[in-house]
Each structure stands twice: as C-alpha cells, then as structure tokens.
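Heads up, the thing below is written out as structure tokens.
Residue numbers (this note's numbering): 20 to 435.
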C-alpha cells in the first residue's frame, strides 16, 4: 500500500488518506498474484476455467452466439447465450463482432520494468521530473521495484523489439543520474508501453459485449486501467445475469454501454492530459509541467479533486435525481446482519436498506432483492436524512428517498 498517488508523475504527490473508503491508498500487487486470486475465486464458485483455449471467430443470431475455438485437442465449438469479450487490446471477439476501435496509434513509447534494486529510494514510491524526462518507481516488496521511464532521448524511436536490460538502466541514469543499484536477474520483467489511445465505438453489438482493454486502451498514466476494467466487469455482470435469468427490465443491458463508455472516455482524457504534461520535451511543455507542479503544491482542493478522480470513486452514472447514480460508501450499520453495507452486498442482489423501518419484500422478488432495516452506526450527516436506499449489486445507488415512498422496483428489478 502506498498512501499517495501522482498526477502526470509530478513531484508534488496527491495524498489519498481523505478518500471515503476503507482502503485510502494505491495498492501495488503483481499481476500474477491478481490472477491467482481470481482463479481461486472461480474455483470456489465452481466456474469452469479453460486454459490453453483461444477464440478464433464467432457468429451470432437472435438466440445465441457460436464460438470457434482452438483447443489443446484441436478445433472446437461452443454455443452461448451471450459472449463477453475481455480479450485485450487485440480482441478477436471485438473484431469478429465488427465493432470499430477508434483512436490514434503510438507516436512514442516508454519502458516499464519490474526489477531488483540494491540501492532503492527510502520512500516506497518516487516521482521524478527532469528536463530530459520523467521517472516513476514503486516498491513491490522483496527488493523488487516497478520502474517506468519516460526518456525524451529515446521515446520517439518506436522500437518493437524486446527491451534490453541495459536500455532501462541507461534511461534511469539519464533521467535520475543513478540506476538505484539495478541488478539484472532471470525473472526481471521488461516491456515497452506506447501512447496508443483507442475506444470501442460501442460496448455491445447484439449478444456480444466488451469489457476491459478490449473496450479501451490508453497510456497507463496514474494506474487507472485496472480499476476501469474491473468496474466494467462489475457493471456488466449483474445486468447480464439479469438477462440470462429472465427478469431484466427492458433496456437494462443497453445501460452497460450508456454508463461505461462515458467513464472510459473520461479516463482516456485524463491519460492524454497527463501525457501532455510529462511527454512534451519542448520548452513550452517543460514550463507547463513546472507550473502545474507548483500549483499542486499550493492548492489542496485541486489535489483532492485529482486524487478522487484517479481513484475511480468520483464516478457517477446518469440518474433522475441528485443522489442516485453515485457509489454508496461502506457505511457502518447498527441492527443489520452485517456491520457494513458492503457486507450485505455479497449475495450480488439488489439491497433495499431502510433506516429503522421494516419493509416487507414484494412477492416474487426474493431471488434478486434483500431488504434490511438498519441504522447508521457512525456520524454520516450526508446520509443521515436518507430514509431508504435501493442499492444495485455493483454498489451504486439506484434510488433513494427521505420519505416512506416505495422504491421503483419494476424499473430496476423487472416484473415480479
């Protein structure tokens, strides 16, 4: 955990301790560990996970999708009601569905690596801006560090080849005047990262939907891509489940594109703005970077705004009233089966939370709705006046009221 983050690798970092979450920090976790945790969860749920299989094409009709697959035993086929393409920037599913991937290609590339350092900085994270480029590094534990260099001397070469270890060392020396005791080891991971920026024209084409890098790619400025993809999946999952189980109200699945495409575009714009600050080697670009860094050092409100946006907690979906559409924080509760709101969301159902008033569940909604009377256990003035709130399975507020008015169940949960 690193209790701060950065905007455009500027020296004045953004404190995250004020965020309305139990995890007010940036968590750096190796991708292989993330994959292990996800695979473990799939196993616990009994979900088949077919490794060494690759989709090569698809055809869809009004009732489902046929997938062509290369498997260890040769060509195979699968039939599914829906397909979620989560297969990355070069998505075969996106291309087979005929969804356009609009944007711009790489115009420069930088180097990123997970390496061993024998003389690392004392702080768990370092951001450095110099006239010749920028450098970002963060501890991964066990003497290993994630190191990213934006080296103005080499970034426009657009090399496609593997990254030699000495190339990363040379960039670090040019920017920081030290290589931090970098050691070449057999398990060092090195990669080139470009500024290609693209987004799928639509996140749904019939029975094919896109999430993660298959739907959007951008330079990894501020580490926003992982949260963006996970929130795509969380938004899509409950809506797709509602369709498959037959209770989704009309148009529910279309709200996936309506809600997430705008969020993806906002992250793309944030990434481009940061690139404009750290990848511009001109005198004007350096002056702009220095000015913006100075402003961050004197404007706490701006720092909080940027930190909230980078964390993903600022996301709001379109709603008819001012409070609906926002993320519900993990409010502490009294008199509920769980101590907090998030503890009540594990069944992946809608949650009607009423403050101190028992409400009978409407007949026929038991498979998709939990109703819990509870009171706030902590002083939360901004939520104290909310009498009832209908929380979506992804933790966002569908509806709220400060009266005894019944929720619009049919609009969100379909027919009973």
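By construction, the Cβ of each residue, glycine as well, lies at the ideal position given by its N, Cα and C atoms.
Worksheet item: Based on the DSSP secondary-structure assignment, which residues constitute the bridge partners of residue 436?
Response: This structure cannot speak to residue 436, because the chain is shown only from 20 to 435.
Worksheet item: How would you write the range of the beta strand (DSSP E) that residue 232 sits in, first residue to last?
Response: That residue, residue 232, is in no beta strand (DSSP E); it is neither H nor E in DSSP.
Discussion item. Which residue wins for smallest C-alpha separation from residue 256, given the options 80, 228 and 42?
Written reply: Closest by alpha carbon: 228.
Worksheet item: What does a CB cutoff of less than 6 Å around residue 124 pick up in its chain, not counting 5 residues either side in sequence?
Response: Same-chain partners within the cutoff: 215.
Worksheet item: Hey, quick one: how far does the beta strand (DSSP E) through residue 398 stretch, first residue to last?
Response: From DSSP, residue 398 is part of no beta strand (DSSP E); its letter is neither H nor E.
Discussion item. Do residue 289 and residue 328 have their beta-carbon atoms positioned less than 8 Å apart in this structure?
Written reply: Their beta carbons are under 8 Å apart, which means residue 328 touches residue 289 by this criterion.
Worksheet item: When the Cα atoms are used, what is the spatial distance from residue 348 to residue 286?
Response: Pairing residue 348 with residue 286, the inter-Cα distance amounts to about 21 Å.
Item to complete: Return the CA-CA distance between residue 379 and residue 371, expressed in angstroms with no decimal places.
Response: So the alpha carbons of these two residues sit roughly 11 Å apart.
Discussion item. Need the endpoints of the beta strand (DSSP E) that residue 193 sits in, please.
Written reply: Counting along the chain, residue 193 falls outside any beta strand (DSSP E), though it belongs to the alpha helix (DSSP H) covering 184-195.
Discussion item. Is it the case that the segment 389-397 contacts the segment 341-356, given that we only count it when at least three CB pairs across the two stretches are under 8 Å?
Written reply: With three or more CB-CB distances shorter than 8 Å, the segment 341-356 counts as touching the segment 389-397.
Discussion item. Buried or exposed, going by whether 16 or more other CB atoms sit within 10 Å of the CB of residue 374?
Written reply: Residue 374 comes out buried.
Worksheet item: Which one or two residues does DSSP pair with residue 128 in a beta bridge?
Response: Partner(s): 213.
Discussion item. Below 8 Å on the Cβ atoms is my contact criterion, and I expect residue 182 with residue 130 to pass it. Report the Cβ-Cβ distance as a whole number of Å.
Written reply: With a beta-carbon spacing of about 6 Å, residue 182 and residue 130 fall inside the 8 Å limit used to define contacts.
Discussion item. Can you list, in chain order, the residues of its chain with a C-beta nearer than 8 Å to that of residue 80? Leave out the 5 residues immediately preceding and following it.
Written reply: Result list for residue 80: empty, nothing under 8 Å.
Practice prompt. Report buried or exposed for residue 68, applying the criterion of at least 16 other Cβ atoms within 10 angstroms of its Cβ.
Written response: Counting the other Cβ atoms within 10 Å of the Cβ of residue 68 gives fewer than 16, which makes it exposed.
Worksheet item: What's the C-alpha gap between residue 337 and residue 323?
Response: Spanning the two alpha carbons is a distance of roughly 23 Å.
Worksheet item: Looking at the unbroken alpha helix (DSSP H) that takes in residue 288, where does it start and where does it end?
Response: Residue 288: member of the alpha helix (DSSP H) spanning 274-297, first to last residue.
Discussion item. Contact defined as beta carbons within less than 8 Å: I believe residue 112 pairs with residue 149. What is the distance between those atoms, to the nearest angstrom?
Written reply: The Cβ separation is near 42 Å, so there is no contact.
Item to complete: From the DSSP output, read off the bridge partner residues of residue 148.
Response: Answer is 153.
Discussion item. I'd like to know if the segment 299-314 and the segment 239-252 are in contact, where contact means that at least 3 CB-CB pairs between them fall below 8 Å.
Written reply: Verdict: no, contact absent.
Item to complete: Please report the residue range of the alpha helix (DSSP H) in which residue 317 lies.
Response: Taken as a continuous stretch (DSSP letters only), residue 317 belongs to no alpha helix (DSSP H), as it is neither H nor E.
Discussion item. Tell me whether the segment 58-77 and the segment 85-102 touch, counting them as touching only if at least three CB pairs, one residue from each stretch, are closer than 8 Å.
Written reply: The segment 58-77 makes contact with the segment 85-102, as at least three CB pairs between them are under 8 Å.
Item to complete: Measure the alpha-carbon distance for residue 141 versus residue 177 and round it to whole angstroms.
Response: Rounded to the nearest whole angstrom, the C-alpha separation of residue 141 and residue 177 is 33 Å.
Discussion item. Can you tell me where the beta strand (DSSP E) holding residue 429 begins and where it ends?
Written reply: Looking at the DSSP string, residue 429 is not in any beta strand (DSSP E); the run it does join, the alpha helix (DSSP H), is 428-432.
Discussion item. Tell me the DSSP secondary structure of residue 256 in three-state form.
Written reply: In the structure shown, residue 256 sits in a helix (DSSP, three-state: H, G or I).
Discussion item. Quick check: the Cα distance between residue 33 and residue 98, rounded to an integer number of angstroms?
Written reply: So the alpha carbons of these two residues sit roughly 48 Å apart.
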